[in-house]
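Note that the sequence shown ends on residue 810 in our numbering; no numbers are left out.
Worksheet for the structure shown next.
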Amino acid sequence: MEKNQSYRLVQMGKKAVRRDYSKVSGELDLPNLVEIQTDSFEWFQQEGMKEVFEEIYPISNYNENIRLKFMDYEFGTPKYSVNECKIREANYAAPIKAKMELEIDDPSTGERIIKHEEVFLGDFPLMTDSGTFIINGAERVIVSQIVRSPGAYFEIGTEDKTGKELYQSELIPSRGTWLEFMSDGKKQALGRILNMRVDRKRKILSTILFKAVGLSLNIEKGEDAFETSTFKTFLSSFGLSVNEEIEVVNEQREFLNLYLLMYSAFFGNYEELANTLVADKVKTSTEALLSIYENQRSDEVPTIEGSINLMNAKFFDHRRYDLTKTGRYKLKKKLSIANRIENTRLAHDILDNNQNILMPAGTLVTRKERNELRAALAKGMHMTALPFNHLFSHPDVVVIPSDYKHALIGRVLAQNIETETIALSKGTVLTPKDVVLLSTSVDEVSIYGGIFAKAVKLDSKNLQSVLNYGQRLFKLGRLTINDDDVTHNDELIANRYIADEHIYDLTSAQVDVLKKLVANEEVTAWLVGTAIQEVSIRLDVTDASTIKVLGVDPLAQAKTVTISDMYATYSYQLNMMDGVGDVDDIDQLGNRRVRTVGELIQNQFRIGLSRMERVVKERMSISETSTLTPKNLTNIRPLTAAVKEFFSSSQLSQFMDQTNPLAELTNKRRISALGPGGLTRERAGYEVRDVHSSHYGRICPIETPEGPNIGLISNLTSYGKVNEFGFIQTPYRLVKSGGIVTEDVIYLSADDELDYVIAQANEVVDGVLINDQVVVRYQGENILADANTVELADVSPKQIVSVATAAIP
2 MEKNQSYRLV QMGKKAVRRD YSKVSGELDL PNLVEIQTDS FEWFQQEGMK EVFEEIYPIS
62 NYNENIRLKF MDYEFGTPKY SVNECKIREA NYAAPIKAKM ELEIDDPSTG ERIIKHEEVF
122 LGDFPLMTDS GTFIINGAER VIVSQIVRSP GAYFEIGTED KTGKELYQSE LIPSRGTWLE
182 FMSDGKKQAL GRILNMRVDR KRKILSTILF KAVGLSLNIE KGEDAFETST FKTFLSSFGL
242 SVNEEIEVVN EQREFLNLYL LMYSAFFGNY EELANTLVAD KVKTSTEALL SIYENQRSDE
302 VPTIEGSINL MNAKFFDHRR YDLTKTGRYK LKKKLSIANR IENTRLAHDI LDNNQNILMP
362 AGTLVTRKER NELRAALAKG MHMTALPFNH LFSHPDVVVI PSDYKHALIG RVLAQNIETE
422 TIALSKGTVL TPKDVVLLST SVDEVSIYGG IFAKAVKLDS KNLQSVLNYG QRLFKLGRLT
482 INDDDVTHND ELIANRYIAD EHIYDLTSAQ VDVLKKLVAN EEVTAWLVGT AIQEVSIRLD
542 VTDASTIKVL GVDPLAQAKT VTISDMYATY SYQLNMMDGV GDVDDIDQLG NRRVRTVGEL
602 IQNQFRIGLS RMERVVKERM SISETSTLTP KNLTNIRPLT AAVKEFFSSS QLSQFMDQTN
662 PLAELTNKRR ISALGPGGLT RERAGYEVRD VHSSHYGRIC PIETPEGPNI GLISNLTSYG
722 KVNEFGFIQT PYRLVKSGGI VTEDVIYLSA DDELDYVIAQ ANEVVDGVLI NDQVVVRYQG
782 ENILADANTV ELADVSPKQI VSVATAAIP
């Protein structure tokens, strides 16, 4: 009788023993079902709130002599317990107190007055242990919102009349300016050209943007703008190809041939790029900046200062432009080189950070090689510099291990380093000798992310051209002989590169000193530009031509867009014309992320604090400085109003459905595409609402309301989790060779799982795949595969449905 027993006994808690009739093996318990709420709010209390304070503080007045600094904050204890709040119809909230420091510089005496004070910032609603808020005595739930993830997206469409392919790409932040590139076949005489658009305004030629951010020159006094021979010398010295066949004979427009040579050397020889440059009447950097200003503010008179401020405000100001950590992660993933060059062949050797050959030229990049490449290139090897406008380069400071060795060569120090063996000042471009000494004397180094210095050997033939174009397109970061600084009368000839400060070109006297040195010694000039990772590939063994693939700086962590991101996005679009790169599906869950409670509250808190900042600035300028204290500067009304408004009237803040415990749980695990910053019922099309193959194990395909909200309001599956970037992950068991399914579990997001061959849970009995041929999912498709090719297996049949659906017997 025992042998035919169709169940096993399972201990549930301390007392109950239950019969388990499931036929499928697997020991993974359901996670805490309200952790999507509780974990997120805990993150907000510990990190999210601090992030906002650090973004907005210190607040200073217009004269910069009064500064209000934020030191620390803490939550007090709630006035009433959860049950008391329900009875008294009060908010379950705790007071926030922030420690502030006020610095006042007295201009007449020059002394600095410092005042410390604890400031009350209002009562903040707290989450109960069950993931709800008590607002005016009623339990409310904040529903998570699913939105389009920030990042870079590429698509290929077709033109209706001609059937030609149209390439489109867009760079989308979490908040701030949208940047789009699109190919356009309208100007038939020239062929296809590449346009760009900022914030859905009128289209302009894409090269105008790149001329504004650095890929251009201004005409100097006495310069021949038609002569290109010295520029060709510069390109050769820089290690770039010179595509002479691209030049236009007897050209009448200044700098056109020079730009044709420049852009084809940096991006590769593309017909579309040449067509765009020929169509582009803008000659100089100044004209390009003014053109962008006219495009964005057509009703105002453009000025150079206004144009620079506009560019900084639109793209490079962290207060107005925010990629968030998710956006930076997605950009690195999409625009990194390793992901793009799968199924192509390397045109040169790939080196690791010890200068050993990791992969020789001609290697076919399959999944295994791609993963090795990804790990090696993430350390920042194979970097080069591209021209940049120093006014728009606001590099972030990144701390990296000193054992990255060769990946550090050409990086710019962001700190002073002084040990027994080495003394380097901030702004020093690191040479091979510096890097060896650093790796033995310190564990980690602070460098500037997003900029890189390319070493160019100087000789008497190329000196003039390298100094001329090198200082106009780049900035001279350092001059060395055998890795030691070049000095004259004990002073550096080339000053250190300090970010966001004016950098002076060499004087004629310094150039004369260099000329004498170059005649006898081998001098290296380090040209600082925007950091770009560069690898060349071939589509086939027989291919003579190579394709240049430019990727973002893997070490940069800036939350705004960088010039490097713009170059890499453009390069990706050009590579797509060669068939390199992938098109994005916007409805795939790897491209949509969940904003949980913590993030939604953080956004409200940011709005409230920035309104409060205005009040503080006004009070600083009006009040008498002697009477100022952190308390009387701070008016908490705008902050408490923003928070109160969110909890009481936001579309995502709902009365908790308390019909039964299941309704309550479902309400907390609901995911809505509606709400501020999301979709509207009227505009949402069929594709957004539809079930997608990437929903498997992440969003329940069954539980969604009927009627106008169908597909827009959905539920998290029973095993689904939201990771730190907001992407939904689902668990899989690892499968060993021989079809043995282990109890080791990994969580994967929708775009990570495409690489794997995944079996369904009902193929597994007692930890083994029972059939030789197994139904698997691979690249989003269901196929039959051999059991020995399977890499992962589902953890349970109920992982594809929500908790409520799984409760149906």
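By construction, the Cβ of each residue, glycine as well, lies at the ideal position given by its N, Cα and C atoms.
The structure presented is a predicted model; accordingly, all values stated were derived computationally and were not measured.
Once the 5 residues before and after residue i are set aside, which same chain residues still bring their CB inside 6 Å of it?
i: F389; result: G215, G530, T531, I564
i: E764; result: L770, V775
i: D404; result: S440
i: Y260; result: L278
i: D795; result: Q761, A762
i: L210; result: M197
Looking at residue j and residue i, is the spacing between their C-beta atoms short of 8 Å?
i: K406; j: V436; result: yes
i: V443; j: T420; result: yes
i: G471; j: L528; result: yes
i: L387; j: I338; result: no
i: K458; j: T525; result: yes
i: F235; j: V542; result: no
i: T718; j: S797; result: no
i: T547; j: A348; result: yes
i: H696; j: L590; result: yes
i: F814; j: Y81; result: The displayed coordinates of the chain run from 2 to 810. Any statement about residue 814 would go beyond what the structure contains.
i: T95; j: G123; result: Rather than Thr, the amino acid found at residue 95 in this sequence is Ala. No. Outside cutoff.
i: N62; j: P108; result: no
i: G177; j: Q169; result: no
i: S145; j: V595; result: yes
i: V366; j: I401; result: no
Go through its chain and collect everything with a Cβ distance to residue i's Cβ below 7 Å, but skip five positions before and after it.
i: G152; result: I173, G328, K331, L332, K335
i: S649; result: I136
i: D460; result: V519
i: L680; result: A674, V689, L713
i: I784; result: V777
i: F316; result: T178, Y322, T561, V562
i: M2; result: A caution first: M2 carries a pLDDT of 43, below 50, which makes its placement in the model too unreliable to give a value.
In its own chain, which residues sit with a C-beta less than 8 Å from the C-beta of residue i, not counting the 5 before and 5 after it?
i: D756; result: R368
i: S7; result: Y22
i: D745; result: R734, L735
i: D318; result: T561
i: E1; result: Look at the range of the chain in this structure, 2 to 810, and you will see that residue 1 is not part of it.
Pop quiz: residue i and residue j are said to be a contact at Cβ under 8 Å. What is the actual Cβ separation, rounded to whole angstroms?
i: A643; j: Q605; result: 5 Å
i: R778; j: I759; result: 5 Å
i: I342; j: V536; result: 7 Å
i: V723; j: I143; result: That pair is no contact at about 14 Å.
i: G451; j: S394; result: 7 Å
i: D566; j: V581; result: That pair is no contact at about 18 Å.
i: L262; j: K233; result: 7 Å
i: A1; j: G138; result: Outside the displayed span of the chain (2 to 810) sits residue 1, for which this structure offers no information.
According to DSSP, simplified to helix, strand and coil, what is residue i?
i: P96; result: strand
i: P810; result: coil
i: I293; result: helix
i: A545; result: coil
i: F728; result: coil
i: R329; result: helix
i: M2; result: Note that M2 scores a pLDDT of 43, beneath 50, so its modelled location is shaky and nothing firm can be said.
i: Y74; result: strand
i: P402; result: strand
i: S803; result: strand
i: G14; result: coil
i: F182; result: strand
i: E104; result: strand
Problem - Those runs of the beta strand (DSSP E) which lie wholly inside the segment 108-174 and span at least 3 residues - result: The beta strand (DSSP E) runs lying completely inside the segment 108-174 and spanning 3 residues or more are 113-126, 134-136, 139-143, 145-149, 152-159, 166-173, given in chain order.
Problem - Ordered list of beta strand (DSSP E) runs contained in the segment 733-773, each at least 3 residues - result: Counting only runs of 3 or more, we get 741-750.
Exercise for the section: Write down every uninterrupted run of the alpha helix (DSSP H) in the segment 192-231 whose length is 4 residues or greater and which is fully enclosed by it, in chain order. Expected result: Inside the segment 192-231, DSSP marks whole alpha helix (DSSP H) runs of 4 or more residues at positions 207-214, from first to last along the chain.
Exercise for the section: Could you tell me which uninterrupted alpha helix (DSSP H) segments, each at least 4 residues in length, are contained entirely in the segment 438-520, listed from first to last along the chain? Expected result: Runs of the alpha helix (DSSP H) inside the segment 438-520: 464-474.
Problem - Length at least 4, wholly inside the segment 634-683: the alpha helix (DSSP H) runs in chain order - result: Runs found: 638-650, 662-669.
Handout entry: Residue ranges of each beta strand (DSSP E) within the segment 562-629, 3 or longer
Key = Secondary structure in the segment 562-629: the beta strand (DSSP E) runs of 3 residues or longer, each lying completely within the stretch, are 593-596 in chain order.
Exercise for the section: Run through the segment 305-329 for me and flag every whole alpha helix (DSSP H) of 4 or more residues, listed as ranges in chain order. Expected result: Entirely contained in the segment 305-329, the alpha helix (DSSP H) runs reaching 4 residues are, in chain order, 305-312.
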